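So the structure is just underneath, and the comments pick up after that.
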Amino acid sequence: MTADRSFADLLAEGVAVPTEGWDFSWFEGRASEARPSWGYARSAGERLAVAEAALDVQTGGGEVLDFALSRAEPARPVLVAATEGWPPNVSKATALLRPRGVVVVAAPDDAPLPFAPESFDLVLSRHPVRPDWAEIARVLRPGGTYFAQHVGPSSVFELVEYFLGPQPEEVRRARDPERERADAGAAGLEVADLRTERLRMEFHDIAAVVHFLRKVVWMVPGFTVEAYEPRLRALHDRLEREGPFVAHSSRHLFDVRKPARSSR
C-alpha cells in the first residue's frame, strides 16, 4: 500500500507542475541532461552583442533569449523581436522580455514570419518545431546569420519507444541534420558550420517522466496519466528496483549565412 500511495503521489506531483516556458529547474535532482559542448545560449549572447536587429523564433517563455541578452550586455541590438505560438508562453515571454525592450509577437509556428523582408541581420532559435528555411532566408538581410540549436533525430527515443513501441524508420530519421542542411541550401542559404552531439539523460522518478511528457508534448502525442497508467506504474516499479531510466537526446547546432549581395 505504501508503494501504491507513493506512486499516486508522484503522478499527482508530475501533473500539478506548470508546463509554461522552457525553465527546466524543477527537474533538478529528479532528472538530468548533459548539455552540448558549444553552449548555445552563451554563444547566442556573443552574436547579439554585435548584431543590429535580431529575431528569436519560437522563443518559448523567453528564458533562453533573456539569458543571451544578459550575456550581450552592455552591447545589444537596436531592435530585438521574438515570436511564439503557444498563448501561455506568449504571456510569459512578454512579461519576461518586455523590460528588456523585446517585442514579442504571437505567431503560429507554421505561419510565415510576420516581418518584412530583410528585417534582421541575426535570426536565433532554440529547438524550433520545424525550421522554415524559406522564411528565414526572406527575413534575413544579405550577409546575415541564422544561429540555432535544433533537436536531432531519435531524440529521447528510449522513452518514446517505451510508451509507443518501436517507431518506423522514417520517424526515427526525422530532423536529420544533413537533410536540414540540404533544405537550407535549397533556400539559398550557406551552412558555415554544423555540429551534432548525442547526450545522456537520466530520469530518477516517475513524476519527472510525467512532467517531461506533459511539457514536451510531441514526444508521446496525446499523453495523459490516465491513458498510460499501466506503463507508468511498470516504469515506476523499474525505477524503484533498478535506478534511473537512461535515454539520449540529440542536438545539432547550425551557423548559417545568407550570401551578401554581389558588388556587381
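Per this note's numbering: the sequence shown ends with 273, consecutive numbering throughout.
The C-beta atom is built at its ideal place from N, Cα and C for all residues, glycine as well.
These figures come from a predicted structure and were not determined experimentally.
Pairwise C-alpha distance: residue j and residue i
i      : j      : result
Leu78  : Ala243 : 44 Å
Trp31  : Asp246 : 29 Å
Val188 : Gly153 : The sequence as given places Arg at residue 188; Val does not occur at that position. Arg188 and Gly153: Cα-Cα distance of roughly 22 Å.
Glu238 : Leu149 : 47 Å
Pro86  : Glu55  : 11 Å
Arg109 : Thr205 : 32 Å
Leu133 : Glu144 : 13 Å
Trp35  : Gly23  : 10 Å
Ala217 : Ala125 : 42 Å
Phe37  : Phe166 : Rather than Phe, the amino acid found at residue 37 in this sequence is Glu. Rounded to whole angstroms, Glu37 to Phe166 spans 21 Å at the Cα level.
Thr103 : Leu20  : 31 Å
Ser15  : Asp214 : 11 Å
Pro45  : Asp65  : 20 Å
Leu173 : Ala196 : 35 Å
Lys224 : Ala25  : 12 Å
Gln176 : Trp142 : 27 Å
Lys101 : Val114 : 12 Å
Glu178 : Arg184 : 12 Å
Integer Cβ distance of residue i from residue j, believed to fall under 8 Å
i      : j      : result
Val265 : Ala193 : 6 Å
Glu82  : Leu105 : Incorrect: roughly 16 Å between the Cβ atoms, too far for contact.
Thr68  : Ala40  : Actually they do not touch by this definition, with Cβ atoms about 23 Å apart.
Val200 : Phe263 : 7 Å
Val229 : Val169 : 6 Å
Asp118 : Val138 : 5 Å
Leu131 : Ala60  : 4 Å
Lys267 : Pro140 : Contact flag wrong, Cβ pair sits at about 14 Å.
Local Cβ density within 10 Å of residue i, reported as buried at 16 or more and exposed below that
i      : result
Arg135 : buried
Ala256 : buried
Val226 : exposed
Ser164 : buried
Pro123 : exposed
Ala62  : buried
Phe254 : buried
Asp202 : exposed
Val112 : exposed
Met10  : Model confidence at Met10 stands at a pLDDT of 36, short of 50, so the residue's coordinates are unreliable; what they give is reported in the following sentence. Per the 10 Å Cβ criterion, exposed.
Pro97  : exposed
Gly70  : buried
Gly161 : buried
Glu93  : buried
Endpoints, the beta strand (DSSP E) within which residue i is located
i      : result
Arg247 : Unbroken run through Arg247 is the alpha helix (DSSP H), Glu238 to Glu251; no beta strand (DSSP E).
Pro230 : From DSSP, Pro230 is part of no beta strand (DSSP E); its letter is neither H nor E.
Glu127 : Per DSSP, Glu127 belongs to no beta strand (DSSP E) and is neither H nor E.
Pro151 : Leu149 to Val160
Closest by C-alpha distance to residue i, when choosing among the options
i      : options                           : result
Gly48  : Ala269, Lys267, Arg260 and Arg270 : Arg260
Ala17  : Arg250, Glu251, Ala269 and Val234 : Val234
Ala269 : Glu42, Trp95, Glu127 and Ala115   : Glu127
Phe212 : Pro27, Pro117, Ala43 and Glu29    : Ala43
Ala50  : Arg80, Ala146, Glu29 and Leu248   : Arg80
Trp95  : Arg147, Gly252, Asp185 and Thr28  : Thr28
Pro186 : Gly174, Pro177, Leu173 and Gln158 : Gln158
Ala53  : Arg223, Val89 and Ala115          : Val89
Arg207 : Ser258, Lys101 and Arg240         : Ser258
Tyr171 : Ala116, Arg240 and Phe129         : Arg240
N-terminal and C-terminal residue of the alpha helix (DSSP H) that residue i is part of
i      : result
Leu103 : First, the amino acid is wrong: residue 103 is Thr here, not Leu. Segment Pro96 to Leu106, the alpha helix (DSSP H) holding Thr103.
Ala81  : Glu72 to Ala81
Ser41  : Counting along the chain, Ser41 falls outside any alpha helix (DSSP H), though it belongs to the beta strand (DSSP E) covering Ala40 to Glu42.
His220 : Ile215 to Lys224
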